[in-house]
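Worksheet for the structure shown next.
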Amino acid sequence: MRSGDSYVRSQVDDDWDAIVIGSGIGGLTPAGLLAREGNRVLVLERHTTAGGCTQVFRRAGYEWDAGLHYLGEVHRPTSALRRVFDHISGGALEWAPMPDVYNRIVIGDREYEFPSGVAKFTERMKGYFPDEAEAIDTYVRLVFDVTRSAKTFFAHRALPPSIADDTYEQLCAPFLEYADRTVTEVLAELTSDQELVAVLCGHFGDYSLEPWRASFAMHAMLIRHYIDGANFPVGGSGRIAETIAETIRAAGGRVLIGAEVASVLVESDGVCRGVTMTDGHVFRAPVVISDAGIETTVNRLLPADVAAATGLAEHCQDRELSLGWVALNIGIKESTAELGLGGGNIWAHAGADLRERMTAYQADPHTQPMPVYFLSFPSAKDPSWEDRYPGRTTIDICGLTTWSLFEPFAGTRWMRRGEEYDRLKQRLTDELLGQVLRFCPQLAGKIEHVELATPLSFNHFLGRTKGDFMSLAHTPERFRQRWISAHSPVPGLYFSGQDVVAAGISGAMIGGVTAASAVLGRNVLESLS
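The sequence shown: position 243 = 1274 (my numbering), numbered continuously.
Rendered as structure tokens:
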């Protein structure tokens, strides 16, 4: 099964019902939803593999997932995410549950488990912090309160501007009560135990922003997303793009790779009616959905005069961006079972004062260790792995970094960045390998392949500017931006992805649902089979 066809080798029509820029889950979701409505959709992906952060890549006989490490909620058939995945994949996607303890939070030499289920999570936290039972109960209640209020807030972003203006306070005020405050501000009112705060914020890397800058609403949505447990796609995350592409093709659409859009086509009447490719070819459609990110769309694809006249250029100036990561992909020529590796993730912090560690690193990233590490074992999560890659194991470890470390190399080309950059990569690789062996000492002398991706890699593959893996920062200010919507000020042009809703695969997917709802003029979740 293929996820995309070559643009240069394919002959396709010039006119479509809808065009989608970008094949990440924020692009494939609205494409799949519109295809299920009978629309012929053209998806254009500038890279040679479709799927964005859900794609896989292969090296030296191994396979790694580019950005999907785990996903919540999809084990519940009635959840919104599962219903969307089933609908746009034709039910072809299968999900494997991760271990009951899906995350382990390590603070110094102390370890805390996140088990699946609200009751078990609450009980485990109270076991660790018996004097903080009231704070933990209040915290869990707030997590669910925020999630309930988020539904109308994000539904508001699918409404036409005229209706959205009239309903803003009614639909958005309850959510903004929580979104206006940072994670640490809310937690400080619940507890003075800094160890508990560090544990509750232990996987803040999932929204790539420090807890003292991040909106509590983003944090709460993340916790709710995983609190019932985590899952992994059977066959690897590449199955996502493959199955959705089949749905798109079945309705007469196409997914083209190596297909770079140069600009959005806005005609003299101010209406978007298609796209112009870098080779000059024009595709036309009454609907264009961009999953390239709002800033990228405005600053690179939208004509400058249109961006200025609509106010989008001003809106996109000096937006705060999410944090960057380095990611080391590791291959071992021995089975996961033989190595004794489990499927749960590890989030490691040097100490409970997360802010102190982060500040020290940002002040001197050349000598200070990275403040957060995330360790994941994809080959242990996928029950089909051993059949597909017998006798092999893969591991991912990510380290939270800072753009200042990579900015001097911003003008260089991928795979040709020079000896100084190669030395930097080697130092970071050694640091990450040290953490892998800290938690998995049995791997000493067994690692066969390593490959490091940096914020510059994410600039290259995701179209970012400062290695911001999750694009716009999820600050309180971000959620106050009324202009952020699936509807753009340009008729015919829509925004999708995590910039419209929230961080990660699930946020980008719901951003895609929001975009499809805006195009169709109704809440598509209500009619999913």
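All C-beta atoms, glycine included, are put in the ideal place defined by N, C-alpha and C.
Do you know offhand how far SER1147's Cα is from ILE1258's? 6 Å
DSSP three-state call for PRO1128: helix, strand or coil? strand
May I have the straight-line CA-CA distance separating VAL1313 from LEU1065, to the nearest angstrom? 21 Å
Evaluate HIS1397 with the Cβ neighbour count: other Cβ atoms within 10 Å of its Cβ, from every protein chain shown; 16 or more gives buried, anything less gives exposed. exposed
Is the separation between the beta-carbon of ALA1379 and that of PHE1500 shorter than 9 Å? no
Quick check on MET1308: does DSSP put it in helix, strand or coil? strand
State whether the region 1380-1393 contacts the region 1148-1160, with contact taken as three or more CB pairs (one from each stretch) at a distance under 8 Å. no
Coil, strand or helix - PRO1264 by DSSP: strand
Proximity to HIS1346 [Cα-Cα], best of GLY1069, LYS1182, LEU1503 and GLY1371: LEU1503
Bridge partners for ALA1049 per DSSP, in chain order? VAL1072
Are the CB atoms of ALA1210 and ARG1511 nearer to each other than 9 Å? yes
So the alpha helix (DSSP H) GLY1098 belongs to, where does it begin and stop? Taken as a continuous stretch (DSSP letters only), GLY1098 belongs to no alpha helix (DSSP H), as it is neither H nor E.
Quick check: the Cα distance between GLY1494 and ALA1323, rounded to an integer number of angstroms? 7 Å
Whole alpha helix (DSSP H) runs in the region 1461-1511 with 4 or more residues, listed along the chain? 1486-1493 and 1507-1510
Specify whether the region 1197-1209 and the region 1337-1353 touch according to this definition: at least 3 beta carbon pairs, one from each stretch, less than 8 Å apart. no
Going by DSSP, name the residue or residues bridged to GLU1142. VAL1137
Opening and closing residue of the alpha helix (DSSP H) in which THR1079 lies: It is not in any alpha helix (DSSP H) - THR1079 carries neither H nor E in the DSSP assignment.
Could you round the C-beta distance between HIS1100 and PRO1128 to whole angstroms and report it? I think they count as a contact, below 8 Å. With a Cβ gap of about 15 Å, HIS1100 and PRO1128 do not count as contacting.
Mind the definition here: the region 1435-1447 touches the region 1407-1421 only if three or more C-beta pairs lie below 8 Å; say whether that holds. no
Assign VAL1039 to one of two classes, buried (16 or more other C-beta atoms within 10 Å of its C-beta) or exposed (fewer than that). exposed
Enumerate, from N- to C-terminal direction, the unbroken alpha helix (DSSP H) stretches of 4 or more residues contained entirely within the region 1237-1264. 1247-1257
Same chain, Cβ closer than 8 Å to ARG1212, neighbours up to 5 away in sequence not counted: SER1246, PHE1247 and PRO1507
Looking at C-alpha atoms only, which residue of GLU1479, PHE1489 and SER1407 is the closest neighbour of MET1446? PHE1489
Cα-Cα, which of GLN1529, GLY1538, ILE1541 and ALA1546 is closest to SER1519? ALA1546
Among ASN1554, SER1558 and LEU1559, nearest to LYS1182 - alpha-carbon criterion: ASN1554
Determine the contact status of VAL1265 and TRP1126, defining contact as a CB-CB distance below 9 Å. yes
Could you give the C-beta distance for VAL1174 and ALA1251, rounded to a whole number, given that I count them as a contact under 8 Å? 5 Å
Where PRO1522 falls, given that 16 or more other Cβ within 10 Å makes a residue buried: exposed
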